[in-house]
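Participant: Dropping the structure in here first, questions after.
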Amino acid sequence: LGEYETAIATVEKALSRNPDWTATYTELAASYSAMGRYDEAIATIQKALDRGLDGPVIYYGLADNYWFSWITQLAHDPETMDRVFESLNLSVSTAGRTECAENAVCHSVYGFFYLYKKQHEEALAAAERALSLKPKAPLPYWNSAFVLGYVGEFERAVDIMETAMEMVPGAPAAYLNTR
1039 LGEYETAIAT VEKALSRNPD WTATYTELAA SYSAMGRYDE AIATIQKALD
1089 RGLDGPVIYY GLADNYWFSW ITQLAHDPET MDRVFESLNL SVSTAGRTEC
1139 AENAVCHSVY GFFYLYKKQH EEALAAAERA LSLKPKAPLP YWNSAFVLGY
1189 VGEFERAVDI METAMEMVPG APAAYLNTR
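Going by my numbering, the sequence shown wraps up at 1217, each residue one higher than the last.
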């Protein structure tokens, strides 16, 4: 944990060998994001999009990094939140409703999309659906806890976050939103 520079070097090497593999871009962007280097994460995702690689995970990563650059006040551009909404919408639309029906990440995206639109009941329903689809993965728990906390259901948010912490005890940045 925490050896992001090593991870970046490894992923960049993989990227040089296969520049058309979406996962390398998302992993590289995740490493930059974990270090708080959101502009570099966004640029990495943009390179994938420039190569014609897209899909729900790419756009979700783009939305996530725009969002964190905004909430950490590293991005002061008022259009940043528009980019978050646009990227979330692209994430959902590239997955398609049929594919999304059984995809926990897609439901997490919907949860944030509804949350940002202040449609709290829909956000909660999407978060619950993501949890039901991936009960052994921490990401739906983290996202659900965020949604629950945002809508004021703090006790449930804490319970769900504790479950995520038990799944991945060595990733405190994920539960503190401090990347």
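Idealized CB from N, CA, C, for every residue including glycine.
Say whether the segment 1142-1155 touches the segment 1169-1189, bearing in mind that this needs 3 or more beta-carbon pairs closer than 8 Å, one atom from each stretch.
Facilitator: Yes, the segment 1142-1155 is in contact with the segment 1169-1189.
Participant: So, with DSSP's three-state summary, where would you put W1108?
Facilitator: Residue state, collapsed to three classes: helix.
Participant: Taking 8 Å as the threshold, find out whether the segment 1100-1107 comes into contact with the segment 1116-1129 through three or more Cβ pairs.
Facilitator: A contact exists between the segment 1100-1107 and the segment 1116-1129.
Participant: How would you write the range of the alpha helix (DSSP H) that E1049 sits in, first residue to last?
Facilitator: The amino acid occupying residue 1049 in the given sequence is Val; Glu does not appear at that position. Element bounds for V1049: 1042-1055.
Participant: With the cut-off set at 7 Å, would you say L1153 and Y1188 are in Cβ contact?
Facilitator: Going by C-beta atoms, L1153 is nearer than 7 Å to Y1188.
Participant: Any idea what DSSP makes of K1156, helix, strand or coil?
Facilitator: Correct three-state label for K1156: coil.
Participant: Excluding the 5 residues flanking T1118 on each side, which residues of the same chain have their C-beta closer than 7 Å to its C-beta?
Facilitator: Closer than 7 Å at the Cβ level, and outside the excluded window around T1118, lie Y1104, S1107, W1108.
Participant: Which same chain residues end up closer than 7 Å to G1093 when comparing Cβ atoms and leaving out the 5 residues on each side of it in sequence?
Facilitator: Cβ neighbours of G1093 beyond the five flanking positions: T1060, T1132.
Participant: Within the continuous alpha helix (DSSP H) that includes W1180, where are the two ends?
Facilitator: 1176-1188 is the extent of the alpha helix (DSSP H) around W1180.
Participant: What three-state label does DSSP hand T1216 in the structure shown?
Facilitator: With a pLDDT of 41 at T1216, under the threshold of 50, the modelled position of that residue is not reliable, and the figure given next carries that caveat. T1216 falls in the coil class under three-state DSSP.
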